[in-house]
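Contents: one structure, followed by commentary.
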Amino acid sequence: MPELDARGVSVRFGETVALQDLDVRVDSGRILALVGPSGSGKSTFLRAVAGFERPSAGTIRVGDRTLVGDGIHLPPEERGLGMVFQHHAVWPHLSVADNVAYPLRRAKVPTARRRALVAEALETVELGEFARRRPDTLSGGQRQRVSLARAIVARPGVLLLDEALSALDEPLRASLRLVLRRLAAEHDLTMIHVTHDRGEALALGDEVAVLHGGRLVQCDVPDRLDAAPNSAFVAGFLHDAT
Ligand code: ADP
Ligand code: MG
Numbered sequence: 001m002p003e004l005d006a007r008g009v010s011v012r013f014g015e016t017v018a019l020q021d022l023d024v025r026v027d028s029g030r031i032l033a034l035v036g037p038s039g040s041g042k043s044t045f046l047r048a049v050a051g052f053e054r055p056s057a058g059t060i061r062v063g064d065r066t067l068v069g070d071g072i073h074l075p076p077e078e079r080g081l082g083m084v085f086q087h088h089a090v091w092p093h094l095s096v097a098d099n100v101a102y103p104l105r106r107a108k109v110p111t112a113r114r115r116a117l118v119a120e121a122l123e124t125v126e127l128g129e130f131a132r133r134r135p136d137t138l139s140g141g142q143r144q145r146v147s148l149a150r151a152i153v154a155r156p157g158v159l160l161l162d163e164a165l166s167a168l169d170e171p172l173r174a175s176l177r178l179v180l181r182r183l184a185a186e187h188d189l190t191m192i193h194v195t196h197d198r199g200e201a202l203a204l205g206d207e208v209a210v211l212h213g214g215r216l217v218q219c220d221v222p223d224r225l226d227a228a229p230n231s232a233f234v235a236g237f238l239h240d241a242t
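UniProt numbering applies: residue 1 is where the sequence shown begins, and numbers increase by one.
Set out below in C-alpha cells:
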C-alpha cells in the first residue's frame, strides 16, 4: 500500500481545469519528483494535498488516513504534512532554534520534548551549531535548511516541496539533495518534490511524474523515462534538460 495515494484528483478554478483526473502514488520513504512546464498544475496538486485547494473530484489518502474524499476534507493543520516552498519564510526576529520550534509551540508540545525535537531536526539538516543565530546572518542555503528543519520537526510522514531548491545555486542544491535523500532513507520520509527543472527531477526522484496541461502524461523511474518516453512531449521535455 502506498504511503500517499491520490486518485482521480481534479481541481478547477472557474472555467480553468488546473488538474484533471490525476492518479499519484508514492511508497513510504520514496521521493516522487513532479515535473512539468509552468502552469501544468504542479503547485495546484501540492496545494490540494496540503489542503489549500479543494478538489472537485478524487480522493487523497496518507497511510490509512483519508485527507480528501468520502465527504471528508481535512483542514491543512489536521493533515500532519511538512511543507517547504521556494522562498523560505523564516521569522527574521527569531533565532534559528525558535524558528524551528515554532510549529511545536503552536501545538503546545512540552518544553523538554520540544528542545529534543528541535535539536534533532537541526542536526539532520547539519545546522546544529547555528541554533542561536538569527536568520539574517545565514546564507540562502542555510536559511532554506532552517525551513526544512521546521517542516520536519514534528516528524511528518510526508514532506511536500514546491520548487524548494529553485532559488539556490547548483552546489547548494546538490548538498540539499543529499540531505533530502538521507531524510527519505533514514527517516522513512515520503516526499513529493515539485520542480520545473528536469535535471533536478531526474537526479532526485526515485520516480518522476511528468505533468502537462493538468494531466499526468508519464510516471516512471528516471532511467525508463529517459529511455522510453511515451510521447513527443515527454521526449522533448526531458531532452531539453541536457
Ligand atoms: P505550476 O505550479 O505547474 O506552474 P499551477 O498549479 O500554479 O502550475 O497552475 C496550474 C493552472 O491553474 C494554471 O493555468 C494557473 O493559471 C491556474 N491557477 C493556479 N492557481 C489559480 C488560482 N488561485 N486561481 C485561478 N487559476 C489558478
Ligand atoms: Mg508552481
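Cβ atoms here follow ideal geometry from the backbone N, Cα and C, with glycine treated the same way.
Since the model is a prediction, treat every value here as computed from it, not as a measurement.
Check, Outcome
"Residues bridged to residue 13 by DSSP?", "16"
"Report the residue ranges of all alpha helix (DSSP H) runs contained in full by the segment 33-115; include only those spanning at least 4 residues, in chain order.", "42-50, 96-106"
"So is residue 162 buried or exposed if we call it buried at 16+ other beta carbons inside 10 Å?", "buried"
"Between residue 35 and residue 17, what straight-line distance do the alpha-carbon atoms span, to the nearest angstrom?", "18 Å"
"Could you have a look at residue 212 and say whether DSSP puts it in helix, strand or coil?", "strand"
"Apart from the five residues on each side of it in sequence, which residues of its chain come closer than 6 Å, Cβ to Cβ, to residue 183?", "189"
"Cβ-heavy atom distance between residue 51 and ligand 1 below 7 Å?", "no"
"On the premise that residue 118 lies in contact with residue 261, defined as a C-beta separation below 8 Å, what is that separation, rounded to the nearest angstrom?", "Shown here, the chain extends from 1 to 242; a query on residue 261 therefore has no answer."
"I need the boundaries of the beta strand (DSSP E) containing residue 160, first residue and last residue.", "158-162"
"For residue 4, does the three-state DSSP call read helix, strand or coil?", "strand"
"Would you say the beta carbon of residue 244 comes nearer than 7 Å to a heavy atom of ligand 2?", "Given that the chain is displayed from residue 1 to residue 242, the structure contains no residue 244 and the question cannot be resolved."
"Only counting the same chain, and skipping five residues up and downstream in sequence, which positions put a Cβ closer than 6 Å to that of residue 85?", "162"
"Beta-carbon within less than 8 Å of residue 156's beta-carbon, same chain only, minus the 5 sequence neighbours each way: which residues are those?", "80, 81, 82, 189"
"Buried or exposed: residue 195, going by 16 or more other Cβ atoms within 10 Å of its Cβ?", "buried"
"How many Å lie between residue 148 and residue 27 at the Cα?", "21 Å"
"In chain order, what residues of the same chain lie with their CB nearer than 8 Å to the CB of residue 128, ignoring the 5 residues before and after it?", "119, 122"
"Measuring only the C-alpha atoms, how far is residue 8 from residue 46?", "14 Å"
"Report buried or exposed for residue 178, applying the criterion of at least 16 other Cβ atoms within 10 angstroms of its Cβ.", "exposed"
"On the DSSP letters alone, give me the boundaries of the beta strand (DSSP E) that residue 196 sits inside.", "Note, residue 196: premise wrong, no beta strand (DSSP E); not H, not E."
"Short check: CB of residue 39 to CB of residue 76, under 8 Å?", "no"
"Apart from the five residues on each side of it in sequence, which residues of its chain come closer than 7 Å, Cβ to Cβ, to residue 62?", "3, 4, 157, 158"
"With a threshold of 7 Å, establish whether the CB of residue 205 neighbours any heavy atom of ligand 1.", "no"
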